[in-house]
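S.K.: Sequence positions in the sequence shown follow the working numbering and run 2 to 363. Positions of the beta carbon are idealized from the N, C-alpha and C atoms, including for glycine. For clarity, every value in this text was computed on a predicted model and none was experimentally measured.
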Amino acid sequence: MSEHNETLLMTPGPTALPPEVREAMARELVNPDVDPAFTADYRRLLEKLSSVHGTDDDVVVLGGEGILGLEASVASLVAPGETVLCLANGLYGEGFADFVETHGGEPVVYSVDEAEPFDPDEVGSLVEEHDPVAATMVHCETPTGLLNDLDEVLRVLRDAGVITVVDAVSSLGGAAVPTDRIDVCLGASQKCFSSPPGLSTLTVSERAWEKVAATPQDSFYTSLEPWRDVDLDTDEAVLLPYTHLSSNCYALEASLDLLLEEGLERVYERHEAVAERCRERGREIGLEPFPPAERCSPTVTAFEVDGDASSICEAVRERHGVVLSTGLADHADDIVRVGHMGYSADRERVDVAMDALADVLD
2 MSEHNETLLM TPGPTALPPE VREAMARELV NPDVDPAFTA DYRRLLEKLS
52 SVHGTDDDVV VLGGEGILGL EASVASLVAP GETVLCLANG LYGEGFADFV
102 ETHGGEPVVY SVDEAEPFDP DEVGSLVEEH DPVAATMVHC ETPTGLLNDL
152 DEVLRVLRDA GVITVVDAVS SLGGAAVPTD RIDVCLGASQ KCFSSPPGLS
202 TLTVSERAWE KVAATPQDSF YTSLEPWRDV DLDTDEAVLL PYTHLSSNCY
252 ALEASLDLLL EEGLERVYER HEAVAERCRE RGREIGLEPF PPAERCSPTV
302 TAFEVDGDAS SICEAVRERH GVVLSTGLAD HADDIVRVGH MGYSADRERV
352 DVAMDALADV LD
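1. Within the same chain, show all residues whose beta-carbon is closer than 6 Å to that of TYR344, passing over the 5 residues directly before and after it, in chain order.
2. Assess contact between the stretch 46 to 60 and the stretch 21 to 35, defined as three or more Cβ pairs (one per stretch) separated by less than 8 Å. Is contact present?
3. Please report how far the alpha carbon of GLU29 lies from the alpha carbon of LEU187, in whole angstroms.
4. Excluding five sequence neighbours on each side, which residues of the same chain lie with their C-beta closer than 7 Å to the C-beta of VAL205?
5. Who are the Cβ neighbours of ALA333 in its own chain at under 6 Å, not counting the five residues just before and after it?
6. Can you tell me where the beta strand (DSSP E) with ASP59 in it begins and where it stops?
7. Could you work out which residue in ASP232, ALA215, HIS140, LEU203 is closest to PRO119 when comparing CA atoms only?
8. Return the first residue and the last residue of the alpha helix (DSSP H) that VAL139 is part of.
9. If the criterion is Cβ atoms closer than 9 Å, does the pair HIS245 and TYR43 meet it?
10. Which residue comes first and which comes last in the alpha helix (DSSP H) that contains ARG338?
11. Taking Cβ positions, are TRP228 and LEU63 nearer each other than 9 Å?
12. Please report the distance separating the alpha-carbon of CYS279 from that of ARG156.
13. Quick one: give me the first and last residue of the beta strand (DSSP E) that VAL361 is part of.
14. If distances are taken between C-alpha atoms only, which option among ALA135, VAL53, VAL101 comes closest to GLU72?
15. What is the DSSP secondary structure of GLU107, reduced to helix, strand or coil?
16. Tell me the DSSP secondary structure of PRO227 in three-state form.
17. Using a threshold of 9 Å, state whether the C-beta atoms of LYS192 and GLY65 are closer than that.
18. ILE164 lies in the beta strand (DSSP E); which residues open and close that run?
19. Which residues does DSSP list as the beta-bridge partners of VAL301?
20. I'd like to check one pair, ALA135 with VAL213: are the Cβ atoms closer than 9 Å?
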């Protein structure tokens, strides 16, 4: 048993919750289907999400963890037999191909090394060869701490008329995301927003909506189509496609208030500074981040370790009450991840976490 009464959650999502978010989630429960107050609350939530995403595209909030948004984007846009270009340099990039296959599409996977960027010229060649209807990619590959520079790739795809789907779940709210060049940009409540797990956020461009309308929908819960014509411009209660997670929505709005009050540029600067502090502390104890430092995400650092990463994380939790994460899949044994996103992008919290990791490794 840990000698600590409280744990310090420093995983790359879910994150610890600010007090304001806890308080918001404890608000009196309403029935979203019949209470006009929830309509106003939900409309305000979408407006704040638009500000954080930095786009005028429609915003959709789905009741489900971030993976729901990833699958829903594929299920809604891809008809059986259609080709999708899946850009992959990590676990979640590869996972998009699984969703494409599940929903009857034909994935073409452009795979590069986990520490390497995508080549825009190669992307252009694959588009010419395979004529995909959509392309999927990941901004921050959380399992390895990699942040992809997607600007040129998005330009190539947009010029070719390919609909783009970007998993920004682990970067949105902690790093600048080129949402204005993305057709479907995916976020989630439990990452940089520092809200409880349970909500997926999506921005959807007009041409993405047009493709949704032209695509046979073989699901309801994983379809975006029922959300297209939701009209919130009313003082009456609005019947959404299903009863929404009202308490989670209240918590997410409180999270967004904190981000917007601080100012997004300052939020990004805070994440960069804390990330550098984390890596500086890592170098002091002989640890290096998995990708080169210039390709690391400001929201999570993946340190390569000698030995059993699971045992290291367990010892850190048992001795010091600090919760870290191992890597995933092939890196489950050789990577320890420190999350410094959202509420956890705090120098003092990172120092406590790195002190604990240093003690265990010593």
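M.R.: This is what the structure holds:
1. THR16, ALA17, PRO19, SER195
2. no
3. In this structure, the CA atom of GLU29 is about 29 Å from the CA atom of LEU187.
4. ASP58, ASP59, VAL61, VAL185, LEU225
5. THR327
6. Counting along the chain, the beta strand (DSSP E) containing ASP59 begins and ends at 59 to 64.
7. Checking the sequence, you will find Phe at residue 119 rather than Pro. Measuring from the Cα of PHE119, the nearest candidate turns out to be HIS140.
8. Here VAL139 belongs to no alpha helix (DSSP H); instead the beta strand (DSSP E) covers 135 to 139.
9. yes
10. ARG338 -> not in any alpha helix (DSSP H); beta strand (DSSP E) instead, spanning 336 to 340.
11. Yes, these two residues count as a Cβ contact at 9 Å.
12. 33 Å
13. Counting along the chain, VAL361 falls outside any beta strand (DSSP E), though it belongs to the alpha helix (DSSP H) covering 348 to 362.
14. It is VAL101 whose Cα lies nearest to the Cα of GLU72.
15. strand
16. helix
17. no
18. 164 to 168
19. GLY340
20. No; because the gap between Cβ atoms is not below 9 Å, this pair is not in contact.
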